[in-house]
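Heads up, the sequence shown is in my numbering, so the first residue is 65 and it goes up one at a time.
Ideal placement from N, C-alpha and C gives every residue a C-beta, glycine not left out.
Since the structure is predicted, the reported quantities are computational estimates derived from the model, not experimental observations.
So the structure is just underneath, and the comments pick up after that.
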Amino acid sequence: MMSDTQAGTALFDDAQGRLEAIFQRLEANGEVRRRLAQPALSLEVSIPLRRDDGSLEVFRGWRVQYDSIRGPAKGGIRFHPQVDQGEVTTLAFWMAVKCAVVGLPFGGGKGGVCVDPKTLSPLELERLSRGYLRAIADVIGPDRDIPAPDVNTNETIMGWMADEYAIIARRQVPGVITGKPLPLGGSPGRVAATGRGALSVLDMWAKHARREPGDLRIAVQGFGNGGYHFARLAHARGYRIVAIADSRRTLHHPEGLDPTPIWEEKQKSRELKGLVYCEEAVRCEQAGTRSGDAEDILSLDCDVLVLAALENAVDTGNVEAIRAEVILEIANGPVSSEADRALESREVTVIPDVLANAGGVIVSHLEWVQNRCGEYRDEEAVNRLLEERLAAEAAGVFALAEREGVTLRTAAYMQGIGRLARAIQARGNCQEAG
Ligand code: NAD
Numbered sequence: 065m066m067s068d069t070q071a072g073t074a075l076f077d078d079a080q081g082r083l084e085a086i087f088q089r090l091e092a093n094g095e096v097r098r099r100l101a102q103p104a105l106s107l108e109v110s111i112p113l114r115r116d117d118g119s120l121e122v123f124r125g126w127r128v129q130y131d132s133i134r135g136p137a138k139g140g141i142r143f144h145p146q147v148d149q150g151e152v153t154t155l156a157f158w159m160a161v162k163c164a165v166v167g168l169p170f171g172g173g174k175g176g177v178c179v180d181p182k183t184l185s186p187l188e189l190e191r192l193s194r195g196y197l198r199a200i201a202d203v204i205g206p207d208r209d210i211p212a213p214d215v216n217t218n219e220t221i222m223g224w225m226a227d228e229y230a231i232i233a234r235r236q237v238p239g240v241i242t243g244k245p246l247p248l249g250g251s252p253g254r255v256a257a258t259g260r261g262a263l264s265v266l267d268m269w270a271k272h273a274r275r276e277p278g279d280l281r282i283a284v285q286g287f288g289n290g291g292y293h294f295a296r297l298a299h300a301r302g303y304r305i306v307a308i309a310d311s312r313r314t315l316h317h318p319e320g321l322d323p324t325p326i327w328e329e330k331q332k333s334r335e336l337k338g339l340v341y342c343e344e345a346v347r348c349e350q351a352g353t354r355s356g357d358a359e360d361i362l363s364l365d366c367d368v369l370v371l372a373a374l375e376n377a378v379d380t381g382n383v384e385a386i387r388a389e390v391i392l393e394i395a396n397g398p399v400s401s402e403a404d405r406a407l408e409s410r411e412v413t414v415i416p417d418v419l420a421n422a423g424g425v426i427v428s429h430l431e432w433v434q435n436r437c438g439e440y441r442d443e444e445a446v447n448r449l450l451e452e453r454l455a456a457e458a459a460g461v462f463a464l465a466e467r468e469g470v471t472l473r474t475a476a477y478m479q480g481i482g483r484l485a486r487a488i489q490a491r492g493n494c495q496e497a498g
């Protein structure tokens, strides 16, 4: 088994390896390539945490700004025991590509702390969140780098972090972080934005492929922020959600499941303990529901497999078991590049992360704009702006894929890297920093 650091390095090398073919197609010059081969800034921090029992523990964390060529760095903060520098760097790189794919004036950033947050009490979690924010405070800011939620972080944690930044700055600076609670300047629509965006990209694919929602059976791996809201909205639109999995269990019902009661049941375990996280695996009382191991979801008979958990969920070890005709990537990097090639040769359509999960950062951008101008929009307006932007940018990707005869991933990368390359070139020849 690889150590954390080896796994992170392998992930980064895999992500960079995908660029070779893109650069060839774009005929981008070697300087652009060299510029995008490493992050602009990588900060490693240690975060001391006083536990409730009085003992001291120290955690490692990172904040990486991959590039700020098209605007301030933007990207979430992950709390997970497998977080390492390579993973954070890769996620920051994907954010740079994603923001460019959907035309946002942001670069790519990411942060993480190597911790199992579910072992912390609520107050320990708040102290750790504030400690991490203090450790990275010098390198973030509304014009520099704007964090947001990611795996195991949510709006509550963003609220604590925004408050800690306000204490340091001695004024409210809501634009420093997005995904905040509404009373602290969060945007309506942000919580569901990633799932809503993924659904609108799936809708576009279905329209393109002349498929009706009611004929499509969907299995969803990962039942957190991205996976749940996608499943809820897709169910409401008439798609059939035949399976749902979290890290412990798969629920399967060939006729279809309603995601909302499953979510509500899971939330009870959180409310009961007053914690930020759910304690229980997904459960369902609906007659005829079968339950299995978490990984069972990958091999189920379905039309669309939604990957909304973690990186490399599909690799060479399990790619052959996949029976879906379409994969929708809500997670970042859920398909390794070797598995991606295997899927391509089997003509499985992959709707790539840098497009499919961009709804979150699109609404984060709207939140940042609202914070900066002080004028707030209602949820309907935010959802409309999200869907308009995604529709326009996804249409560009679909058209490029058709014109060039390439996969949707290659087309999305061509759109994003092409924009990054043009911004790099437009800045001239003598830049030495920034
Ligand atoms: P989350 O912490 O809210 O949920 C993660 C879910 O994945 C949980 O239900 C967990 O049980 C499940 N999971 C973990 N390992 C699993 C496994 N092996 N099998 C099945 N399920 C498993 O996280 P999230 O915010 O929903 O993020 C999920 C993915 O989406 C990540 O890759 C993240 O980077 C990406 N993403 C999130 C957002 C956002 O706005 N939250 C935006 C873009 C991309």
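Checking the 7 Å criterion, the Cβ of Thr-242 is out of range of every heavy atom belonging to the ligand NAD. Residue state for Val-128 is assigned as strand, using DSSP reduced to three classes. Every residue whose Cβ sits closer than 6 Å to any heavy atom of the ligand NAD is listed here in chain order: Pro-213, Asp-214, Val-215, Asn-216, Thr-258, Gln-285, Gly-286, Phe-287, Gly-288, Asn-289, Gly-290, Gly-291, Ala-309, Asp-310, Ser-311, Ala-358, Ala-372, Ala-373, Leu-374, Ile-394, Ala-395, Asn-396, Asn-421, Gly-424.
Assigned with DSSP and collapsed to three states, Phe-287 falls in coil, not helix or strand. Gly-278 and Arg-98 have their C-alpha atoms roughly 47 Å apart. The closest CA to that of Gly-172, considering only Thr-154, Pro-186, Thr-183, is found on Thr-154.
Membership of Ala-257 in the alpha helix (DSSP H) is indicated by the continuous run 257-272. In this structure the region 314-331 touches the region 352-363; the number of beta carbon pairs closer than 8 Å is three or more.
When the alpha-carbon of Ser-333 is set against those of Cys-437, Pro-325, Ala-345, the nearest one is in Ala-345.
With a minimum length of 3 residues, the unbroken runs of beta strand (DSSP E) contained wholly in the region 348-423 fall at 354-357, 368-371, 390-393, 413-415. Using a Cβ distance threshold of 8 Å, Gly-286 and Leu-189 do not count as a contacting pair. Here the C-alpha atom of Arg-296 lies approximately 42 Å from the C-alpha atom of Glu-91.
The way I'd put it, the region 156-174 does touch the region 128-138; three or more beta-carbon pairs between them come closer than 8 Å.
The way I'd put it, the region 215-234 does touch the region 186-203; three or more beta-carbon pairs between them come closer than 8 Å. The Cβ neighbour count for Glu-219, taken over all protein chains shown within 10 Å, is at least 16; the residue is labelled buried. By the CB criterion at 8 Å, Val-237 and Arg-142 fall outside the cutoff.
In the three-state reduction of the DSSP assignment, Arg-254 falls in the coil class, being assigned neither a helical nor a strand state. In summary, Asp-404 is buried, with 16 or more beta-carbon neighbours lying within 10 Å of its beta-carbon over all protein chains present. As DSSP reads the structure, Ser-110 sits in a beta bridge with Arg-124. Look at Ile-221 here: in three-state DSSP terms it is helix. Shown here for Ile-200: same chain residues with a beta carbon closer than 7 Å to its own, the five before and five after excluded, namely Leu-107, Val-109, Arg-127, Gly-175 in chain order. Between Arg-312 and the set Ile-481, Ser-355, Leu-100, the nearest pair of CA atoms involves Ser-355.
Met-268 is positioned such that its CB atom lies closer than 8 Å to that of Phe-462. Ranked by Cα distance from Ala-455, the options Ser-400, Cys-437, Arg-260 are led by Arg-260. Here Val-122 is exposed. Its C-beta has fewer than 16 other C-beta atoms within 10 Å.
Ranking Ala-212, Leu-430, Leu-280 by CA distance to the CA of Ser-251 puts Leu-430 first. Assignment of Asp-77 by DSSP, reduced to helix, strand and coil, places it in the helix class.
Rounded to the nearest whole angstrom, the C-alpha separation of Ile-221 and Pro-213 is 8 Å. By the CB criterion at 8 Å, Ala-465 and Ala-458 fall outside the cutoff. Burial check for Glu-393: the Cβ neighbour count within 10 Å reaches 16 or more, so the residue is buried.
Boundaries of the alpha helix (DSSP H) around Pro-186: 186-200. Each of Glu-375, Trp-432, Glu-451, Arg-410 was checked against the Cα of Asp-417, and the nearest Cα belongs to Glu-375. DSSP places Cys-178 inside the beta strand (DSSP E), whose first and last residues are 171-178.
Per DSSP, Ala-475 has no beta-bridge partner at all. Excluding its 5 nearest sequence neighbours in each direction, Asp-442 has C-beta neighbours in its own chain below 8 Å: Pro-252, listed in chain order.
DSSP, read as helix, strand or coil, puts Lys-162 in helix.
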